[in-house]
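Trainee: Chains as they are written, first to last, in UniProt numbering: chain A, 1 to 346; chain B, 1 to 346.
Protein chains: 2
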Amino acid sequence: MTEQMYRVALASRPTGAPEADNFSYESAAIPTPGEGEVLVRVHYMSLDPYMRGRMDDAKSYAAPVPIGGTMEGGGVGEVIASNSPHFAPGDFAFGMFGWATHAVQPANMMRKIDPNQMPITTALGVLGMPGFTGWYGLTELGRPKAGETLVVAAATGPVGSMVGQVARLAGLRTVGIAGGADKCKLATDTFGFDACLDHRAYPDAKALRADLKQACPDGVDIYFENVGGKVLEAVMPLMNPHGRIPICGMISWYNAGGLGAGASDPGLSAPGLWRTILVNFLSVNGFIISNHFDRYPEFLGQIAPKIASGEIRYVEDIAEGLENAPQAFMSMLGGGNMGKQIVKVL
Amino acid sequence: MTEQMYRVALASRPTGAPEADNFSYESAAIPTPGEGEVLVRVHYMSLDPYMRGRMDDAKSYAAPVPIGGTMEGGGVGEVIASNSPHFAPGDFAFGMFGWATHAVQPANMMRKIDPNQMPITTALGVLGMPGFTGWYGLTELGRPKAGETLVVAAATGPVGSMVGQVARLAGLRTVGIAGGADKCKLATDTFGFDACLDHRAYPDAKALRADLKQACPDGVDIYFENVGGKVLEAVMPLMNPHGRIPICGMISWYNAGGLGAGASDPGLSAPGLWRTILVNFLSVNGFIISNHFDRYPEFLGQIAPKIASGEIRYVEDIAEGLENAPQAFMSMLGGGNMGKQIVKVL
Chain A
1 MTEQMYRVAL ASRPTGAPEA DNFSYESAAI PTPGEGEVLV RVHYMSLDPY
51 MRGRMDDAKS YAAPVPIGGT MEGGGVGEVI ASNSPHFAPG DFAFGMFGWA
101 THAVQPANMM RKIDPNQMPI TTALGVLGMP GFTGWYGLTE LGRPKAGETL
151 VVAAATGPVG SMVGQVARLA GLRTVGIAGG ADKCKLATDT FGFDACLDHR
201 AYPDAKALRA DLKQACPDGV DIYFENVGGK VLEAVMPLMN PHGRIPICGM
251 ISWYNAGGLG AGASDPGLSA PGLWRTILVN FLSVNGFIIS NHFDRYPEFL
301 GQIAPKIASG EIRYVEDIAE GLENAPQAFM SMLGGGNMGK QIVKVL
Chain B
1 MTEQMYRVAL ASRPTGAPEA DNFSYESAAI PTPGEGEVLV RVHYMSLDPY
51 MRGRMDDAKS YAAPVPIGGT MEGGGVGEVI ASNSPHFAPG DFAFGMFGWA
101 THAVQPANMM RKIDPNQMPI TTALGVLGMP GFTGWYGLTE LGRPKAGETL
151 VVAAATGPVG SMVGQVARLA GLRTVGIAGG ADKCKLATDT FGFDACLDHR
201 AYPDAKALRA DLKQACPDGV DIYFENVGGK VLEAVMPLMN PHGRIPICGM
251 ISWYNAGGLG AGASDPGLSA PGLWRTILVN FLSVNGFIIS NHFDRYPEFL
301 GQIAPKIASG EIRYVEDIAE GLENAPQAFM SMLGGGNMGK QIVKVL
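(1) Is there a Cβ from chain B that is less than 7 Å from the Cβ of serine 283 (chain A)?
(2) With DSSP collapsed to three states, give me the class of proline 326 (chain A).
(3) If we define contact as Cβ-Cβ less than 7 Å, is phenylalanine 287 (chain A) a contact residue for chain B?
(4) Say whether the segment 178 to 190 of chain B touches the segment 202 to 212 of chain B, bearing in mind that this needs 3 or more beta-carbon pairs closer than 8 Å, one atom from each stretch.
(5) Going by C-alpha distance, which of B:Phe23, B:Ala195, B:Met338, B:Ser331 is nearest proline 158 (chain B)?
(6) Can you look up methionine 332 (chain A) in the DSSP assignment and give me helix, strand or coil?
(7) Opposite asparagine 285 (chain A) in the DSSP bridges: which residues?
(8) What's the gap between the Cα of serine 46 (chain A) and the Cα of valine 231 (chain B)?
(9) Report yes if the CB atom of cysteine 216 (chain A) is closer than 7 Å to the CB atom of threonine 149 (chain A), and no otherwise.
(10) Between which residues of its own chain and serine 84 (chain A) is the CB-CB distance below 6 Å, once the five residues before and five after are set aside?
(11) For my contact list, valine 163 (chain B) and leucine 138 (chain B) are in at a C-beta cut-off of 8 Å; report their separation, rounded to the angstrom.
(12) For proline 266 (chain B), count neighbouring Cβ atoms within 10 angstroms of its own Cβ and tell me buried if that reaches 16, exposed if not.
(13) At a Cβ threshold of 7 Å, is leucine 333 (chain A) touching chain B?
(14) Start and end of the beta strand (DSSP E) containing threonine 174 (chain A)?
(15) Could you check whether the Cβ of leucine 278 (chain B) sits closer than 7 Å to any Cβ belonging to chain A?
(16) Along the segment 91 to 124 of chain A, where does the CB come closer than 9 Å to a CB of chain B? Name the residues.
(17) Put asparagine 22 (chain B) into one of helix, strand or coil per three-state DSSP.
(18) To the nearest angstrom, how far is the alpha carbon of tyrosine 314 (chain A) from that of phenylalanine 191 (chain A)?
(19) Can you grab the Cα-Cα spacing for the pair alanine 261 (chain B) / glutamine 214 (chain B), in whole Å?
(20) Applying the criterion that 16 or more other CB atoms from any shown protein chain within 10 Å of the CB defines a buried residue, is alanine 146 (chain A) buried or exposed?
(21) Can we count alanine 304 (chain A) as close to the ligand SAM, meaning its CB is less than 6 Å from some heavy atom?
(22) Closer than 7 Å, CB to CB, is isoleucine 247 (chain B) near chain A or not?
(23) Would you mind giving the Cβ-Cβ distance between tyrosine 25 (chain B) and threonine 121 (chain B), rounded to the nearest angstrom? I have them listed as a contact below 8 Å.
(24) Going along chain B in order, which residues have a C-beta closer than 8 Å to the C-beta of asparagine 22 (chain A)?
(25) Identify every residue that forms a DSSP beta bridge with tyrosine 6 (chain B).
(26) Could you name the residues of the segment 286 to 307 of chain A whose beta carbon sits closer than 8 Å to any beta carbon of chain B, in the order they occur along the chain?
(27) How many angstroms separate the CA atom of cysteine 196 (chain B) from the CA atom of threonine 188 (chain B)?
(28) Helix, strand or coil: which one does DSSP assign to methionine 239 (chain A)?
(29) Closest to glutamate 320 (chain A) by C-alpha separation, out of A:Ile342, A:Pro14, A:Leu300, would be which residue?
(30) What are the residues that DSSP puts in a beta bridge with threonine 133 (chain A)?
(31) Would you mind reading off the limits of the alpha helix (DSSP H) that contains methionine 162 (chain B)?
(32) To which residues does DSSP link residue 364 (chain B) through a beta bridge?
(33) Taking all protein chains shown into account, decide if methionine 109 (chain B) is buried (16 or more other Cβ within 10 angstroms of its Cβ) or exposed.
(34) Please report the straight-line C-alpha distance between leucine 259 (chain A) and valine 235 (chain B), rounded to a whole angstrom.
(35) When burial is assigned at 16 or more other CB atoms within 10 Å of the CB, is asparagine 116 (chain A) buried or exposed?
Written out as structure tokens, the structure is:
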């Protein structure tokens with residue numbers, strides 16, 4: 001094949017927030033699948049906060065993207081050539097195809113998708129890694145009980161909206177935090193949060209905490225941690241005894257010098273945090289969903305019917321064109337998206 | 001009764017390390033037990049780091065000792081008068097008798113002890129709250145697996161020595177940290193730790209971490225947190241993925257301005273700690289043993305025979321006289337004790 005493909009490569013490592021020149025949009029020859037491999041034409045790709053971490057070379061759960069390497073990420077696409085008995089041209093699949101129009105992947109690293117059952121974009125959000133992350137973290141590490149209170153930030157994102165809706169269905173009071181009045185309206189009107197606070201309306205953690213306390217009159221039993229920073233500082237002192245804090249990410253700190261920057265509130269210094277964990281008997285658990293794929297069928301079995309019935313809703317924000325992926329990504333890290341951020345590649 | 005008793009009261013709240021004038025030694029009339037109550041003559045009382053926390057009025061799991069109130073604490077003593085069918089004069093019992101020669105307590109708040117089975121002092125240490133704390137935290141929250149590596153500080157204290165011995169019997173490599181060469185020798189020779197580091201020999205967390213890394217060639221799977229400070233800073237970067245950190249206390253921070261002081265290593269600032277928890281999928285759990293008394297019979301059933309057989313050993317450091325309790329307490333907070341600190345009251 002001599003047809004060209006396109007990809008977005010990591011041109012340089014960002015310091016702080018990524019900028020356009022950290023990325024390069026390049027053409028390349030479409031690769032040929034080897035034995036057991038499949039060639040896919042990517043239709044949609046996912047943009048997720050964790051990708052910011054892959055741009056650094058600090059120690060993390062995954063190896064960094066090398067300079068010049070294709071940016072990593074999940075996508076859904078159509079099989080156009082296959083050297084595996086498990087896939088035929090015309091099949092749709094989810095895989096880690098990267099920021100690219102085409103990708104070759106081992107068949108055993110891909111998951112087949114039925115485009116007639118659900119829009120294929122759902123494999124990137126509500127029924128994909130983000131939705132699964134929210135469901136697993138809440139269910140397994142949050143251990144929700146009816147009558148309790150949950151707080152989650154990025155409440156309209158694909159993780160936060162799953163967390164909030166699953167918690168609401170389990171009988172919890174759900175309080176979201178989001179950036180801007182529009183997102184807060186989306187959180188309450190579409191995702192059914194009992195309340196949502198606009199973190200941009202508060203100058204600091206202390207001010208946010210005061211209103212959060214009003215919104216959580218019985219304290220906070222589960223804080224699903226996916227942003228860090230000001231929200232974490234605001235929530236910690238409100239945690240009830242035996243509270244649970246699943247941690248799946250800290251987007252607000254991803255840009256802050258490799259997460260090394262100090263919290264602004266001295267009471268939330270390291271000893272302050274540890275003391276809070278101790279005296280409230282908190283359970284704080286970091287996790288990454290890729291260690292728990294064995295639970296995916298259970299997630300799908302529980303959640304897919306609730307999406308079909310409308311009990312669980314989802315919102316997608318779709319940017320057009322692979323060449324616009326860096327801009328969409330930078331915008332998302334700044335909260336510019338409304339719902340799950342996806343890029344339409346094809 | 002007109003006979004006099006003696007007690008140690010909280011005269012004033014300490015700022016930083018407690019000093020002699022924070023305590024007052026006072027006489028009082030021996031109280032008379034009401035319906036369902038028992039009068040006890042205290043033989044031995046326990047000194048524990050948590051008592052430092054009760055001297056502050058900061059929010060904690062327990063109400064502070066009021067100014068002028070008797071210092072709280074557990075003790076073992078002999079019943080000398082009883083208005084309960086459950087206790088008779090001559091019985092021995094454990095209870096929260098405070099820093100006092102005599103105490104009246106409701107019978108249902110006391111636990112009978114058989115002085116013929118085990119020395120009564122063991123009810124304060126190896127078979128009491130500290131030993132139970134170590135066993136529960138390690139077993140339930142540490143989830144030890146043979147071949148893993150455990151680190152615990154205050155390794156010769158009643159909590160740390162239980163943690164280390166139970167972990168060793170479960171097939172773990174056990175590395176202790178203690179203050180001084182004598183304690184390190186006690187840790188390896190008496191309590192069977194594979195290695196013990198003297199934290200006083202290191203100027204900072206970084207230096208301690210370097211040797212700890214040598215002592216833990218396969219990393220650290222369980223860090224039983226009972227001291228905080230320099231040791232915590234040293235250990236955190238050595239934690240293996242899926243590591244567990246049970247937290248039962250942070251003695252090194254108790255004196256540091258209500259635990260609000262910052263860690264010295266900026267990498268261990270709040271975002272740094274949270275990032276470590278996230279990227280290593282750590283499980284961090286604060287606990288207080290009084291929430292888990294339902295497990296006490298199981299603890300006793302497992303550990304008492306191992307003490308009788310010599311598989312688990314204990315060391316006690318007994319000060320003489322209630323009037324010397326403040327001095328023994330201040331010394332213990334500075335690491336001056338060797339083994340479980342007890343005061344012989346009678």
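Just so you know, even glycine gets a beta-carbon here, dropped at the ideal spot from N, CA and C.
Mentor: On the basis of the data shown:
(1) The count along the first sequence starts at 1 and reaches residue 283 (chain A) at position 283. Chain B contact via Cβ: present.
(2) Mapped onto the first sequence, residue 326 (chain A) falls at position 326. Proline 326 (chain A): helix per DSSP, three-state reduction.
(3) Locating residue 287 (chain A) in the first sequence gives position 287, where the first residue counts as 1. Residue contact check for phenylalanine 287 (chain A) against chain B: a CB pair falls below 7 Å.
(4) no
(5) If you number the second sequence from 1, residue 158 (chain B) lands on position 158. Ranking the options by Cα distance to proline 158 (chain B), first place goes to B:Met338.
(6) Counted from its first residue, the first sequence places residue 332 (chain A) at position 332. Residue state, collapsed to three classes: helix.
(7) For the purposes of this step, residue 285 (chain A) is taken as residue 285 along the first sequence, with counting starting at 1. Asparagine 285 (chain A) is bridged to A:Pro246, B:Ser283.
(8) Numbered from 1 along the first sequence, position 46 holds the residue referred to as residue 46 (chain A). Numbered from 1 along the second sequence, position 231 holds the residue referred to as residue 231 (chain B). If you take the alpha carbons of serine 46 (chain A) and valine 231 (chain B), they lie about 41 Å apart.
(9) In the first sequence, the residue the question calls residue 216 (chain A) occupies position 216. In the first sequence, the residue the question calls residue 149 (chain A) occupies position 149. Yes.
(10) Stepping through the first sequence from its first residue, residue 84 (chain A) is reached at position 84. Counting only Cβ-Cβ distances below 6 Å, and skipping sequence neighbours, we find Gly36, Val38, Ala107.
(11) Numbered from 1 along the second sequence, position 163 holds the residue referred to as residue 163 (chain B). Numbered from 1 along the second sequence, position 138 holds the residue referred to as residue 138 (chain B). About 5 Å; that satisfies the 8 Å criterion.
(12) Locating residue 266 (chain B) in the second sequence gives position 266, counting from the first residue. Residue placement at proline 266 (chain B) is poorly supported in this model, since its pLDDT is 40, which falls under 50; the coordinates still yield a value, given next. Exposed, because fewer than 16 other Cβ atoms sit within 10 Å of the Cβ of proline 266 (chain B).
(13) As a first step, residue 333 (chain A) must be located in the first sequence, where it is residue number 333. Chain B contact via Cβ: absent.
(14) As a position in the first sequence, residue 174 (chain A) is number 174, starting the count at 1. Threonine 174 (chain A) -> beta strand (DSSP E) spans 173 to 178.
(15) By one-based count along the second sequence, residue 278 (chain B) stands at place 278. It does; some Cβ of chain A falls within 7 Å.
(16) If the cut-off is 9 Å between Cβ atoms, the segment 91 to 124 of chain A has nothing near chain B.
(17) Position 22 of the second sequence, counting from 1, holds the residue named residue 22 (chain B). In the structure shown, asparagine 22 (chain B) sits in a helix (DSSP, three-state: H, G or I).
(18) Translated into the one-based positions of the first sequence, residue 314 (chain A) becomes position 314. Translated into the one-based positions of the first sequence, residue 191 (chain A) becomes position 191. Rounded to the nearest angstrom, the gap between the Cα atoms of tyrosine 314 (chain A) and phenylalanine 191 (chain A) is 8 Å.
(19) Residue numbering aside, residue 261 (chain B) sits at position 261 when the second sequence is read from its first letter. Residue numbering aside, residue 214 (chain B) sits at position 214 when the second sequence is read from its first letter. Legend: pLDDT at alanine 261 (chain B) = 34, less than 50; position of this residue unreliable, no value from coordinates given.
(20) The sequence position of residue 146 (chain A) within the first sequence is 146, counting from 1. It counts as exposed.
(21) As presented, the structure is devoid of all ligands, the ligand SAM included, so that no description of it is given.
(22) On the second sequence, position 247 is the one that residue 247 (chain B) refers to. Cβ-Cβ to chain A under 7 Å: yes for isoleucine 247 (chain B).
(23) Counting from one through the second sequence, the residue named residue 25 (chain B) turns up at place 25. Counting from one through the second sequence, the residue named residue 121 (chain B) turns up at place 121. Cβ atoms of tyrosine 25 (chain B) and threonine 121 (chain B) stay farther apart than 8 Å, at about 22 Å.
(24) Working through the first sequence from its first residue, we reach residue 22 (chain A) at position 22. The contacting residues do not exist; asparagine 22 (chain A) stays about 21 Å from chain B at best.
(25) Your numbering for residue 6 (chain B) matches position 6 in the second sequence. Partner(s): B:Ser27.
(26) Gly286, Phe287, Ile288, Asn291
(27) Along the second sequence, one-based indexing puts residue 196 (chain B) at 196. Along the second sequence, one-based indexing puts residue 188 (chain B) at 188. Near 7 Å, if we compare the C-alpha coordinates of threonine 188 (chain B) and cysteine 196 (chain B).
(28) Here the question's residue 239 (chain A) lines up with position 239 in the first sequence. Correct three-state label for methionine 239 (chain A): strand.
(29) Residue mapping note: residue 320 (chain A) aligns to position 320 of the first sequence, counting from 1. Measuring from the Cα of glutamate 320 (chain A), the nearest candidate turns out to be A:Ile342.
(30) As a first step, residue 133 (chain A) must be located in the first sequence, where it is residue number 133. Answer is none; threonine 133 (chain A) lacks a bridge partner.
(31) If you number the second sequence from 1, residue 162 (chain B) lands on position 162. Its alpha helix (DSSP H) spans residues 158 to 169.
(32) Not covered by the structure: residue 364 (chain B). The range shown for chain B is 1 to 346.
(33) Taking the first residue of the second sequence as 1, we reach residue 109 (chain B) at position 109. Classification of methionine 109 (chain B): exposed, given that the 10 Å Cβ count is below 16.
(34) Indexing the first sequence from 1 puts residue 259 (chain A) at position 259. Indexing the second sequence from 1 puts residue 235 (chain B) at position 235. Confidence is the limiting factor: at leucine 259 (chain A) the pLDDT is only 33, short of 50, which leaves the residue's position unreliable, though a coordinate-based value still follows. So the two alpha carbons sit approximately 19 Å from each other.
(35) One-based indexing of the first sequence puts residue 116 (chain A) at position 116. By the neighbour-count rule (16 or more Cβ atoms within 10 Å), asparagine 116 (chain A) is not buried but exposed.
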